Each structure stands twice: as C-alpha cells, then as structure tokens.
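Written below as structure tokens is the structure these notes are about.
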Amino acid sequence: MSKDSLLEVRGLKKYFPIHKGILSRHVGDVKAVDGLDFDLGRQETLSLVGESGCGKTTAGRTLLRLYEPTGGQAIYRPDTDGLEVDLFKISQAEMRDYRRDLQIIFQDPYGSLNPRITVGNTIGEALRVHGVASGQGLNDRVEELLERVGMRAEVSNRYPHEFSGGQRQRIGIARALALNPKLIVCDEAVSALDVSIQAQVINLLKELQDEFGLSYVFIAHDLSVVRYLSDRVAVMYLGRIVEIGTTDEIFKDPQHPYTKALLSAIPIPDPRRRASHIPLTGDVPSPINPPKGCHFAARCSVAESRCFESYPAMVGAAGGHQAACHLLES
Amino acid sequence: MKSDSLGSPSKEEPLLELKSLQTHFFSDEGTARAVDGVSYKILPGETLGVVGESGSGKSVTALSVMQLVPQPPGKIVGGEILFKGQSLLNKTEDEMRKIRGNEIAMIFQEPMTALNPVYTVGDQIIETVRVHRGLDKDEARAHAIHMLTIVGIPSPETRVDEYPHQLSGGMRQRVMIAIAMSCDPSLLIADEPTTALDVTIQAQILDLIRNLQKKAGMSVLLITHDLAVVAEVAHHVAVMYAGKVVEYATVEELFDKPAHPYSHGLFKSLPDLAVDGEPLATIPGMVPPATRFPSGCRFHPRCSIATDKCKTEEPQLDYLEGNTGRTAACHHIDEAAKL
Chain A
1 MSKDSLLEVR GLKKYFPIHK GILSRHVGDV KAVDGLDFDL GRQETLSLVG
51 ESGCGKTTAG RTLLRLYEPT GGQAIYRPDT DGLEVDLFKI SQAEMRDYRR
101 DLQIIFQDPY GSLNPRITVG NTIGEALRVH GVASGQGLND RVEELLERVG
151 MRAEVSNRYP HEFSGGQRQR IGIARALALN PKLIVCDEAV SALDVSIQAQ
201 VINLLKELQD EFGLSYVFIA HDLSVVRYLS DRVAVMYLGR IVEIGTTDEI
251 FKDPQHPYTK ALLSAIPIPD PRRRASHIPL TGDVPSPINP PKGCHFAARC
301 SVAESRCFES YPAMVGAAGG HQAACHLLES
Chain B
1001 MKSDSLGSPS KEEPLLELKS LQTHFFSDEG TARAVDGVSY KILPGETLGV
1051 VGESGSGKSV TALSVMQLVP QPPGKIVGGE ILFKGQSLLN KTEDEMRKIR
1101 GNEIAMIFQE PMTALNPVYT VGDQIIETVR VHRGLDKDEA RAHAIHMLTI
1151 VGIPSPETRV DEYPHQLSGG MRQRVMIAIA MSCDPSLLIA DEPTTALDVT
1201 IQAQILDLIR NLQKKAGMSV LLITHDLAVV AEVAHHVAVM YAGKVVEYAT
1251 VEELFDKPAH PYSHGLFKSL PDLAVDGEPL ATIPGMVPPA TRFPSGCRFH
1301 PRCSIATDKC KTEEPQLDYL EGNTGRTAAC HHIDEAAKL
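Residue numbers (the working numbering), protein chains in the order written: chain A, 1 to 330; chain B, 1001 to 1339.
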C-alpha cells in the first residue's frame, strides 16, 4: 500500500515447536500464524476476526514481539519522514525504544493488572522505566491520564481490586496511553464487559483515536463490535488471512465462503428477522499438519476438487478487497 | 391493576411461576440481595429469555428454582416458586432430587467444568437415566447413544466412550444438552449456554435448542446477557436489573419499543443498532453491588428521566396499556416512551 502506512506486515509467522521424549526432540510445529500480510494506516483500525484458534491473538502478540516471530517482517514507520525499521529484525534492546510507541490492552481486566501495585504506579511504571517523567511531573501525568479515561485523579493510590471490570479496563487503557503510543493492540479489550459498560469503553477508544491519532489492531470475536469500530477487517482461518477489506466490503459484500458462513452466524437483534445460518459442519483442521489444499475446503459447501489440491492465492487488488478462494479465480 | 404475579394474562396455566422471589446472601460484609422480588411466568412450550448484566440476579434466580443455591451463605427468604401449580419451596430434598433432571434440567455456560472429567460422556448420560428412570445397563447405554444422535454428535457409537477433554467446546455443550434432555424434562434452564462459544458454534447450539424444544414441547428458560441471542430464540423476555424484573414483554414488543428506561438504555448501547460515525449511547455509571442497592427505583442514579419520587418510592411491575400482559416497573412510563 502507500509508503506512509504506519505498519506493513509481510509473511508474519509464528510457530510453536512441539518437543517429545526425554531428549525433547523437535517433532513438529503448531503453525499458529502462518504467513500474514497486511498494512495498517495511520489512525486506522484494523480488526482481526475469526474463531478461537485461528491465530488472531498470537498474531497481535507476535507483532509486538511479546512472542518472537518465526518469520516475516513488520516494517514500522514511526513518522512520515521516511524512517523505516523492521520490528522483527532489531534486537530486544533496540526494540525497547519502539515499545513506547506500541502498546497492548488485554481482555481480562482482572488478570492484566498487578493486584499489589496501586493504580498510580501501574500507570506510572512505564513513564519511570522509559525515563519520561519522575517526581511531581510523573504524578501530574498519571492524574491527567486517569482523568482522560474518565476516572477521578484521587484513585491513583488505590488498588485494582477496588474497581469494577469496566473501571479496570479504563486503567489498562490509561497505562497503554502513558507513553503517547502510535499503535495499540486491543486484544479482546471489550469482550468481558457488560453491554452498557462495553459501549462506554468503545466510545472512549474512539475518542482517544481521534485525539491522539492512534492506530488500533483490534482483535475480537464479537463481530457487531468489530463492524462498529473498524475501518478494515481481516478474517482469519487456521493461521492465515482468508479475506481482507474495508468494513463495508467485508460485511456487505463478503467473498470468501468462510466469511459468509461466519457472518451468517451472527445473531440479529431483531426477532422478526431471525438469521438463516449457513451451517458449518466438521471441525477446524489441526494447525500442526494443515491440509495442503485450502484449509477451509473440508467444511466448505462449494468446494471443488482443486480446493483440496493447492492453497488458493489472494484474489483482488493488492491493498484492496482480497480473498483467498479458488472459486474467485477467473 | 397492580399484582405481584405478572405475565401473560392468558388463561393458560404457566409451567413455572415465580412470585416475588427473594434470595439473599449473608456475609460479614452485609446482606447481598441478589434476587429481591422477582416475578415471572413461563408457559408450556415457550422460551422465556431473561436478560440483564452481571449482578442482576438472573443466574441466582435460576439456581433458586433448582434449589441449588449454596446454603449458607445463601437463602431463599421470601416469595414462591410454583412448578405445575405446586410450590417447590415446600418440597423435601428427596422430592426435589426427583424433580431435578426428570422435570427441570439445567445447562451451564462452561460445559468443561459442568462435565466430570474422569467419566466418559456415555457414563454421565447413563448415570442420569439409571438414577432417574431405572433403566438397566444396556438400555441406558443404548439411550445414551440415542441422545448423542439427537443432539447431532457425529459417530455417537465411538463418542460415547470418549472423555470430555477429547471433545471441542461445542461438542461438550451438545453433550450437556444430551444429559439434560435424557430424562425428557418439561423445563430446560439454560444459563448462558453459548457465551463461551464461537459465533458459528453458538448458532448451531441455538438451532439445536430451538429444534429440540419444538420436538419435545418443553419450555426453556434462557439466561443471557446478549439481546441478539434473545431475539433469535425467545418468545417472552424478562429484563432484570439489580435483583428485580424491570420489564416483561413478548420479544416483538420489547424489540419494537422497550418500555423501561433501563431496557431502552441496553438497546441504545448495542453496536449493531448504532448509526455510523455516531458515538454509542451509553448508560452512565454502573450496576450497583447487591449489598448496596439504591433506595427507591434501583435504576434512578443512572436514569435520565428520574425524579425525586424515583429516589424514595420503589416502582412495582404494572401492566402497560393495551392489555397484552406486558409489564414494566417505572414511575414515568409515559416519559420513558419518548426516549
């Protein structure tokens, strides 16, 4: 895509090795993410969607090198001045400089905050570690962040257990914002919240995006939230992107049979329009030995013999609406 | 036309009726009034969807019906539970044990924790039907395979000898349903049965519950936080907030126009119904803890049309105009209609 996208990911791979026996021989790999290509624009929200086990969470974490990538590159352009860096090539020490730009918010607001550290220290830790602020300056910044996410500044001396799920998620967001990041990976960030609280947090994420020019990689299984929040959507199946496009392209004009089945399964909040689901039979194949053909072929209602022979290439304009399906090949 | 037993005014005898049910939990930190005056009805063969956010008391209500509330700290302190016209609260534990499973069965959100990991799925169905129906070993095994077939598990003859960990999440939930259905209950209580599942599997399980219900003519009490799931399967809906039912309506009535300001707020916060580019409408604040429910109407601190009356006087469920059996608990139902 354009040279001024924030992030250009090519061939992102993450395999988890399987060891067996007393010698821990390497007997195979779980190919959790097996070659992702996508671009992320400035102030853009790209959602990764798919069922459990499709690799969306692994992809998000590998992107930030919370997992070491097995292969691929992630070209990061912090500014529009032409500086480029491959996040997968640099050392962990060099990576530290970029970490302040690249943050993550987790699903579980109970598990992702240290129960023995006050809210103020949780948020302020990164400021201190990166030498951005200290003393009164640090306190001021923490209070400013708390207020920005809709909490009172006084709460900085309190502990996570004193807060509800929605408030904890706000604290997690304040922590992610502390270093003025450019990209935040939101890993199921609103999935555990009740509807009314979820709406508050979604609105907050949108406001912050406009205010600070943030880009989001939004990982979620709730497709109605994805539809509301995203600019573009990538649909994943067994470690690969099977379709990518703008939110409208994906939701209004899905091309891949898997995307169609997935979308048809979304319950519709209208009792007079009960959804007609495209049933998906069978199971997702194992990511240890994925079939050589299209990974979806065995469950696909329109699969032909060639679908079992070779993995389909992406069809469609690069950077535009693309899907990997033999039936779309002309 | 005030009443504490509300629901459809139809002459049909309800299968289950709750009248001002109260289940409280007692601890050093005070009394949690988790269920605090819940009234609703389920008619034979229908699905009642109970919606509400965490802490609204929807699950504790269901556990109270089964009398599975851990005691202490919990206790049913008031109200009535009528099943087929008989009070369940007067039953002995022996009598309740016959009702559970035979008459009322329950499935849960987490099939992995609800199933016993050291028994095969077949054993777990076999145990149920041998205890409740007195079948012999071979009959019970045949019945188990039959039930697995009914819930759509492929190659049931092999699966019957597998352990829960060998099955996927969707398969486990099917097994739970097979166990629940194995004694042909007249009421199935499903507590967030699809919350832990992927959307594709959720669709399959909802289809399964709907089809089984049609075939068996049983009633379903479906507890969920997801309004879209309710729209898919329910006939009537009870909206709960802070230990009470605030609105009861047919699913069409509720989705056409929610009557209670809280129901209204829930719908407005759904991203499905949002206008592009507009922020989502939100309900300010959060659900109060069950130890400290506000005075008056429990929703008043979060309600945009609350008045002084709402702070002091608790509204009761009252029939709305039109005589459809629809009820809501709000002092300002006319203003709420303009929201």
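In this text, a Cβ means the ideal position worked out from N, Cα and C, and glycines have one as well.
Quick caveat, the model's predicted, so the values are computed rather than measured.
- In this structure, DSSP gives threonine 1282 of chain B a state outside helix and strand, which the three-state scheme calls coil.
- With contact defined as three or more Cβ pairs closer than 8 angstroms, the region 114-133 of chain A and the region 178-188 of chain A are in contact.
- Restricted to the region 1253-1334 of chain B, the alpha helix (DSSP H) segments that are unbroken, complete and at least 4 residues in length are 1261-1268, 1308-1312, listed in chain order.
- Taking all protein chains in view, the Cβ of histidine 256 of chain A is crowded by 16 or more other Cβ atoms within 10 Å, so the residue is classified as buried.
- Counting only Cβ-Cβ distances below 7 angstroms, methionine 1286 of chain B has contacts in chain A at Ser164, Gly166, Ile197, in chain order.
- For histidine 1225 of chain B, the residues of chain A that pass the 7 angstroms Cβ criterion are Asp194, Val195, in the order they occur in the chain.
- Not a single CB atom of chain B sits nearer than 8 angstroms to the CB of arginine 170 of chain A.
- In this chain, the alpha helix (DSSP H) harbouring proline 257 of chain A covers 257-264.
- Per the coordinates, the alpha-carbon of valine 33 of chain A lies some 20 angstroms from the alpha-carbon of valine 315 of chain A.
- Beyond the five residues adjoining it in sequence on each side, arginine 1130 of chain B comes within less than 7 angstroms, by CB distance, of Ala1140 in the same chain, given in chain order.
- Any Cβ of chain A closer than 8 angstroms to the Cβ of leucine 1273 of chain B would place that residue at the interface, and such an atom is present.
- Per DSSP, reduced to three states, the secondary structure at tyrosine 311 of chain A is coil, with no helix or strand assignment.
- At the C-beta level, leucine 1043 of chain B and serine 1219 of chain B come within 8 angstroms of one another.
- Under the 8 angstroms criterion on CB atoms, asparagine 157 of chain A is classed as non-interfacial with respect to chain B.
- Between threonine 45 of chain A and serine 230 of chain A, the C-beta gap is smaller than 8 angstroms, which places the two residues in contact.
- Taking 8 angstroms as the CB threshold, phenylalanine 1083 of chain B stays off the interface with chain A.
- Secondary structure note for tyrosine 216 of chain A: its beta strand (DSSP E) is the uninterrupted segment 215-219.
- Per DSSP, the continuous beta strand (DSSP E) segment holding methionine 236 of chain A begins and ends at 232-237.
- Annotated as proximal: histidine 1235 of chain B and valine 1251 of chain B, with beta-carbon spacing under 8 angstroms.
- Per DSSP, reduced to three states, the secondary structure at glutamate 1080 of chain B is strand.
- Secondary structure remark: continuous beta strand (DSSP E) runs of at least 3 residues inside the region 1079-1159 of chain B, in chain order: 1104-1107.
- A Cβ-Cβ separation of about 7 angstroms places proline 1117 of chain B in contact with tyrosine 1163 of chain B under the 8 angstroms criterion.
- Residue range 1030-1042 is occupied by the beta strand (DSSP E) that includes alanine 1034 of chain B.
- For the 8 angstroms CB-CB criterion, glycine 71 of chain A and lysine 13 of chain A form a contact.
- Within the region 250-270 of chain A, the residues whose Cβ lies closer than 7 angstroms to any Cβ of chain B are, in chain order, Ala261, Leu262, Ala265, Ile266, Pro267, Ile268, Pro269, Asp270.
- Where threonine 45 of chain A is concerned, the enclosing beta strand (DSSP E) starts and stops at 45-49.
- The DSSP assignment places 102-105 as complete runs of the beta strand (DSSP E) inside the region 81-131 of chain A, in order along the chain (cut-off: 3 residues).
- Closer than 8 angstroms at the C-beta level to chain B, one finds these residues of the region 227-244 of chain A: Arg227, Tyr228, Leu229.
- With a cutoff of 8 angstroms on beta-carbon distance, valine 226 of chain A and isoleucine 104 of chain A are scored as not near each other.
- In the structure shown, methionine 1218 of chain B adopts coil according to DSSP, grouped into three states.
- The residues Arg1174, Leu1208, in chain order, have a CB closer than 7 angstroms to that of glycine 1152 of chain B in the same chain once the five nearest residues on each side in sequence are set aside.
- Chain A has a Cβ within less than 8 angstroms of the Cβ of isoleucine 1283 of chain B.
- Isoleucine 75 of chain A sits in a strand when the DSSP states are folded into three classes.
- With respect to chain A, the C-beta atom of glycine 1265 of chain B has a partner C-beta closer than 8 angstroms.
- If you draw a straight line from the Cα of proline 109 of chain A to the Cα of phenylalanine 163 of chain A, it is about 10 angstroms long.
- By the neighbour-count definition (other C-beta atoms within 10 Å, threshold 16), glutamate 1103 of chain B is a buried residue.
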